[in-house]
Amino acid sequence: MRAVTKETLRLHPPLPLLFPMMSTRDVEVNGYNIKANTQVFISAWRIGRDPKLYDKPEEYEPERFLNNGIDYRGNDFELIPFGAGRRVCPGIQFAMAVNEIALANIVHKFDWALPGEASGEDLDMTESAGLTAHKKYILSKLLLFHTSKLRNREGILILLSKALSLLSCICLRLQLSAQ
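Residue numbers for the sequence shown follow my numbering, beginning at 1041 and rising by one.
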(Lines of atoms letter the chains of each structure in order from A and count residues from 1; the text may use other names and numbers.)
(Lines give C-alpha, C1' and ligand atoms only; values in the text may rest on other atoms or scores of the structure.)
Protein backbone atom coordinates (compact mmCIF):
# COMPACT_ATOMS: atom_id res chain seq x y z
CA MET A 1 0.00 0.00 0.00
CA ARG A 2 2.95 2.36 0.59
CA ALA A 3 4.14 1.83 -2.98
CA VAL A 4 0.65 2.75 -4.21
CA THR A 5 0.71 5.90 -2.06
CA LYS A 6 4.18 6.92 -3.28
CA GLU A 7 3.27 6.35 -6.92
CA THR A 8 0.06 8.33 -6.51
CA LEU A 9 1.96 11.19 -4.84
CA ARG A 10 4.48 11.09 -7.68
CA LEU A 11 1.80 11.45 -10.35
CA HIS A 12 -0.60 13.64 -8.36
CA PRO A 13 1.25 15.75 -5.77
CA PRO A 14 -1.08 17.67 -3.43
CA LEU A 15 0.43 20.96 -4.61
CA PRO A 16 1.77 20.79 -8.19
CA LEU A 17 3.88 23.91 -7.53
CA LEU A 18 5.62 23.95 -4.17
CA PHE A 19 5.66 27.14 -2.13
CA PRO A 20 8.13 29.62 -3.64
CA MET A 21 11.58 29.98 -2.15
CA MET A 22 13.98 32.92 -2.24
CA SER A 23 17.67 32.45 -3.01
CA THR A 24 19.83 34.18 -0.42
CA ARG A 25 22.95 34.31 -2.62
CA ASP A 26 24.06 33.76 -6.21
CA VAL A 27 24.09 30.03 -6.91
CA GLU A 28 24.31 27.61 -9.82
CA VAL A 29 21.92 24.64 -9.84
CA ASN A 30 22.14 22.07 -12.64
CA GLY A 31 23.67 24.60 -15.01
CA TYR A 32 21.19 27.37 -14.16
CA ASN A 33 22.52 30.59 -12.63
CA ILE A 34 20.18 31.90 -9.96
CA LYS A 35 20.90 35.38 -8.67
CA ALA A 36 20.49 36.40 -5.03
CA ASN A 37 16.96 37.44 -3.99
CA THR A 38 15.36 35.54 -6.88
CA GLN A 39 12.07 33.82 -6.16
CA VAL A 40 12.21 30.16 -7.26
CA PHE A 41 9.21 27.93 -7.95
CA ILE A 42 9.67 24.15 -7.94
CA SER A 43 7.23 21.95 -9.83
CA ALA A 44 6.69 18.70 -7.93
CA TRP A 45 4.33 17.73 -10.76
CA ARG A 46 7.08 18.06 -13.39
CA ILE A 47 9.70 16.29 -11.28
CA GLY A 48 7.33 13.33 -10.89
CA ARG A 49 6.98 13.10 -14.68
CA ASP A 50 10.63 13.59 -15.59
CA PRO A 51 11.78 10.82 -18.00
CA LYS A 52 15.35 11.28 -16.72
CA LEU A 53 14.20 10.15 -13.28
CA TYR A 54 11.50 7.59 -14.11
CA ASP A 55 11.05 5.03 -16.86
CA LYS A 56 7.63 5.53 -18.47
CA PRO A 57 6.81 8.51 -16.20
CA GLU A 58 3.22 8.93 -17.44
CA GLU A 59 2.31 5.33 -16.55
CA TYR A 60 1.06 4.29 -13.15
CA GLU A 61 3.49 1.66 -11.81
CA PRO A 62 3.57 1.35 -8.02
CA GLU A 63 6.06 -1.50 -8.42
CA ARG A 64 8.79 1.09 -9.09
CA PHE A 65 8.72 1.92 -5.35
CA LEU A 66 8.74 -1.65 -4.00
CA ASN A 67 12.50 -2.21 -3.86
CA ASN A 68 14.02 1.25 -3.70
CA GLY A 69 14.65 3.61 -0.83
CA ILE A 70 13.02 6.70 -2.35
CA ASP A 71 10.89 8.39 0.27
CA TYR A 72 8.51 11.35 0.22
CA ARG A 73 9.96 13.14 3.28
CA GLY A 74 12.10 15.53 1.21
CA ASN A 75 15.44 13.71 1.33
CA ASP A 76 15.07 12.24 -2.16
CA PHE A 77 14.53 14.98 -4.70
CA GLU A 78 12.92 12.55 -7.15
CA LEU A 79 9.80 12.57 -4.97
CA ILE A 80 9.01 15.81 -3.14
CA PRO A 81 5.22 16.15 -2.94
CA PHE A 82 5.54 17.84 0.46
CA GLY A 83 8.60 19.99 -0.27
CA ALA A 84 12.15 19.47 0.95
CA GLY A 85 14.77 20.83 3.29
CA ARG A 86 13.88 23.37 5.96
CA ARG A 87 10.64 24.20 4.14
CA VAL A 88 9.25 20.66 4.11
CA CYS A 89 5.62 20.39 5.21
CA PRO A 90 5.59 20.14 9.02
CA GLY A 91 2.50 17.92 8.96
CA ILE A 92 3.93 15.25 6.66
CA GLN A 93 4.08 12.47 9.29
CA PHE A 94 0.55 13.16 10.51
CA ALA A 95 -0.82 13.44 6.97
CA MET A 96 0.69 10.13 5.90
CA ALA A 97 -0.41 8.32 9.07
CA VAL A 98 -3.99 9.53 8.57
CA ASN A 99 -3.74 8.67 4.88
CA GLU A 100 -2.62 5.09 5.57
CA ILE A 101 -5.28 4.48 8.22
CA ALA A 102 -8.07 5.96 6.09
CA LEU A 103 -6.97 4.14 2.94
CA ALA A 104 -6.60 0.81 4.76
CA ASN A 105 -10.09 1.18 6.26
CA ILE A 106 -11.67 2.16 2.96
CA VAL A 107 -10.02 -0.70 1.08
CA HIS A 108 -10.87 -3.17 3.86
CA LYS A 109 -14.45 -2.09 4.51
CA PHE A 110 -15.73 -1.67 0.97
CA ASP A 111 -15.69 -3.61 -2.25
CA TRP A 112 -15.00 -1.34 -5.22
CA ALA A 113 -16.48 -1.82 -8.65
CA LEU A 114 -16.69 0.33 -11.74
CA PRO A 115 -20.21 1.29 -12.81
CA GLY A 116 -21.91 -0.95 -15.34
CA GLU A 117 -19.65 -2.61 -17.86
CA ALA A 118 -16.89 0.01 -17.54
CA SER A 119 -13.23 -0.92 -17.44
CA GLY A 120 -10.27 1.03 -16.10
CA GLU A 121 -9.52 2.34 -19.58
CA ASP A 122 -13.00 3.93 -19.73
CA LEU A 123 -12.24 6.32 -16.85
CA ASP A 124 -11.23 9.84 -17.82
CA MET A 125 -8.18 10.62 -15.67
CA THR A 126 -7.67 14.09 -17.17
CA GLU A 127 -6.29 16.52 -14.62
CA SER A 128 -7.36 20.11 -14.18
CA ALA A 129 -4.89 22.93 -13.58
CA GLY A 130 -5.22 24.79 -10.33
CA LEU A 131 -3.68 25.54 -6.98
CA THR A 132 -4.17 21.91 -5.95
CA ALA A 133 -4.15 18.74 -8.04
CA HIS A 134 -7.59 17.44 -8.93
CA LYS A 135 -9.44 15.64 -11.69
CA LYS A 136 -11.13 17.59 -14.47
CA TYR A 137 -14.17 15.30 -14.21
CA ILE A 138 -15.48 13.76 -11.00
CA LEU A 139 -14.65 10.08 -10.81
CA SER A 140 -17.76 8.00 -10.37
CA LYS A 141 -17.55 4.88 -8.25
CA LEU A 142 -19.99 2.29 -7.05
CA LEU A 143 -19.48 1.21 -3.46
CA LEU A 144 -20.61 -2.30 -2.73
CA PHE A 145 -21.06 -2.71 1.02
CA HIS A 146 -19.89 -5.93 2.60
CA THR A 147 -22.21 -6.20 5.60
CA SER A 148 -19.94 -8.78 7.21
CA LYS A 149 -17.12 -6.22 7.15
CA LEU A 150 -19.11 -3.29 8.51
CA ARG A 151 -19.10 -3.03 12.27
CA ASN A 152 -19.70 0.69 12.63
CA ARG A 153 -21.33 1.79 9.39
CA GLU A 154 -21.92 5.40 10.46
CA GLY A 155 -18.31 5.83 11.53
CA ILE A 156 -17.05 4.37 8.28
CA LEU A 157 -19.35 6.63 6.24
CA ILE A 158 -18.13 9.70 8.14
CA LEU A 159 -14.55 8.61 7.57
CA LEU A 160 -15.33 7.98 3.93
CA SER A 161 -16.98 11.35 3.39
CA LYS A 162 -14.01 13.19 4.92
CA ALA A 163 -11.29 11.17 3.24
CA LEU A 164 -12.72 10.20 -0.14
CA SER A 165 -11.92 13.46 -1.87
CA LEU A 166 -8.28 13.14 -0.83
CA LEU A 167 -8.03 9.44 -1.47
CA SER A 168 -10.20 8.88 -4.55
CA CYS A 169 -7.20 8.87 -6.83
CA ILE A 170 -5.27 6.40 -4.63
CA CYS A 171 -8.25 4.05 -4.34
CA LEU A 172 -8.87 4.17 -8.06
CA ARG A 173 -5.23 3.45 -8.83
CA LEU A 174 -5.22 0.58 -6.32
CA GLN A 175 -8.22 -0.96 -8.08
CA LEU A 176 -6.70 -0.49 -11.53
CA SER A 177 -3.33 -1.94 -10.49
CA ALA A 178 -5.10 -5.06 -9.17
CA GLN A 179 -6.67 -5.74 -12.58
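Glycine included, C-beta positions come from ideal geometry on N, C-alpha and C.
Exposure of Pro1102, with buried meaning 16 or more beta-carbon neighbours within 10 Å:
What you label residue 1102 is simply residue 62 of the sequence shown in a count that begins at 1. Buried.
Please state the DSSP three-state secondary structure of Val1128.
Residue numbering aside, residue 1128 sits at position 88 when the sequence shown is read from its first letter. Three-state result, Val1128: coil.
Would Lys1046 be called buried (16 or more neighbouring beta carbons within 10 Å of its own) or exposed?
Residue 1046 sits at position 6 when you count from the first residue of the sequence shown. Only buried fits Lys1046, as 16 or more other CB atoms lie within 10 angstroms of its CB.
Rounding to the nearest angstrom, what Cα-Cα distance links Asn1145 and Asn1139 in this structure?
Sequence index remark: in the sequence shown, residue 1145 carries index 105 (1-based). Sequence index remark: in the sequence shown, residue 1139 carries index 99 (1-based). So the two alpha carbons sit approximately 10 Å from each other.
State buried or exposed for Ile1120, treating a residue as buried only when at least 16 other CB atoms are found within 10 Å of its CB.
To locate residue 1120, count along the sequence shown from 1; it is residue 80. Looking at its Cβ environment, which holds 16 or more other Cβ atoms inside 10 Å, Ile1120 is buried.
Whole angstroms are fine: how far does the CA of Ile1110 sit from the CA of Leu1049?
Working through the sequence shown from its first residue, we reach residue 1049 at position 9. Working through the sequence shown from its first residue, we reach residue 1110 at position 70. Their Cα atoms are separated by approximately 12 Å.
Just to check my reading of the structure: Glu1098 and Arg1089 have Cβ atoms closer than 8 Å, yes? What is that Cβ distance to the nearest angstrom?
Position 58 of the sequence shown, counted from the first residue, corresponds to residue 1098. Position 49 of the sequence shown, counted from the first residue, corresponds to residue 1089. Approximately 6 Å separates the beta-carbon atoms of Glu1098 and Arg1089; this is inside 8 Å, confirming the contact.
What is the rounded straight-line gap between the Cα of Phe1150 and the Cα of Arg1126?
Here residue 1150 refers to the residue found at position 110 of the sequence shown. Here residue 1126 refers to the residue found at position 86 of the sequence shown. Spanning the two alpha carbons is a distance of roughly 39 Å.
In three-state terms, what does DSSP make of Met1136?
For the purposes of this step, residue 1136 is taken as the residue at position 96 of the sequence shown. The three-state secondary structure of Met1136, taken from DSSP, is helix.
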